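Read the structure below first, then the notes.
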Amino acid sequence: MRKPGLVFLTTSLLLAALLASACERADRGVQAARETVEADDRAAAMTTADKDFMRRASESHIQEIDMAKLAMERSTNADVRDYAQMLERDHMAALEKLNTLMDAHGLPMRRESSDKTHVESLSKLAPEQFDKGYVGMMAQNHQKSLDSYRGALNTTQNQELRNYITTVIPTIETHLSKAQQLQQQMTRPKRT
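Structure representation (structure tokens):
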């Protein structure tokens, strides 16, 4: 003969196990929904201005890489060639990070610059003018880039873009400082 207390206890334990399992699945479902909403919020926070900034930054990196390659070929100054190597390396790394971010937000990545104006103007300089022209252009370009990055940092709400910008600003500052140092070296009178 069955004992009613044992049946009740067994049924209660079975019911409790089923409820616990259902609650656990519901918690996982709620967590997955939260993660999806958070990912959507991050993607939604990418404004048109953010996307325009990323396109301009990509274009700028490619131009800097192209000009650095030209400087490594044409410069007669070892310090300028070293600077150009640093620029090529740093801008390639920054462009790679930016391309990853652009890809995550469905933006097309550029492989070459649509504006060759700077490279063409440097190419036309006489050899004795090239180093000063290149370094001067780098000082101007990096000051503009620094202003642009700081402006974007102040306006963007997208955390991924903010992270990218905050990692690149110190590199731009280094490039600007080095260009200014090279400019000073080139304008100092030569000692005899």
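So for the sequence shown, the working numbering puts the first residue at 16; every next one is plus one. Glycine included, every Cβ here is placed at the ideal spot set by N, Cα and C. Note that the structure is a prediction, hence the values are computed from the model and not measured.
Residue i versus residue j: straight-line alpha-carbon distance, rounded
| i | j | result |
| --- | --- | --- |
| Leu-116 | His-106 | 15 Å |
| Ala-59 | Asp-146 | Because Ala-59 sits at a pLDDT of 45, beneath the cut-off of 50, its placement in the model cannot be relied upon, and the following sentence gives the value as read from the coordinates. Cα to Cα, Ala-59 sits roughly 45 Å from Asp-146. |
| Ile-80 | Leu-102 | 7 Å |
| Ala-37 | Leu-28 | 14 Å |
| Lys-66 | Arg-203 | 42 Å |
| Thr-26 | Thr-63 | 59 Å |
Candidates the options: closest to residue i by CA position
| i | options | result |
| --- | --- | --- |
| His-190 | Thr-132, Met-152, Val-22 and Gln-144 | Met-152 |
| Lys-193 | Gln-158, Ile-180 and Glu-175 | Gln-158 |
| Leu-137 | Arg-70, Lys-84 and Ala-35 | Lys-84 |
| His-133 | Thr-26, Arg-40, Arg-125 and Glu-74 | Glu-74 |
| Lys-131 | Met-82, Leu-24, Pro-204 and Lys-66 | Met-82 |
Cβ-based neighbour list, residue i, same chain, cut-off 8 Å, excluding 5 preceding and 5 following
| i | result |
| --- | --- |
| Ile-187 | His-157, Ser-160, Leu-161 and Tyr-164 |
| Thr-177 | The amino acid occupying residue 177 in the given sequence is Arg; Thr does not appear at that position. Counting only Cβ-Cβ distances below 8 Å, and skipping sequence neighbours, we find Leu-168 and Thr-171. |
| Ile-180 | Tyr-164, Ala-167, Leu-168 and Thr-171 |
Burial state of residue i (16 or more Cβ within 10 Å)
| i | result |
| --- | --- |
| Val-22 | exposed |
| Gln-208 | Not covered by the structure: residue 208. The range shown for the chain is 16 to 207. |
| Gly-78 | For the record, residue 78 in the displayed sequence is Gln; it is not Gly. The residue is buried, with at least 16 neighbouring Cβ atoms inside 10 Å. |
| Leu-110 | buried |
| Ala-32 | exposed |
Where the alpha helix (DSSP H) through residue i begins and ends
| i | result |
| --- | --- |
| His-157 | 142-170 |
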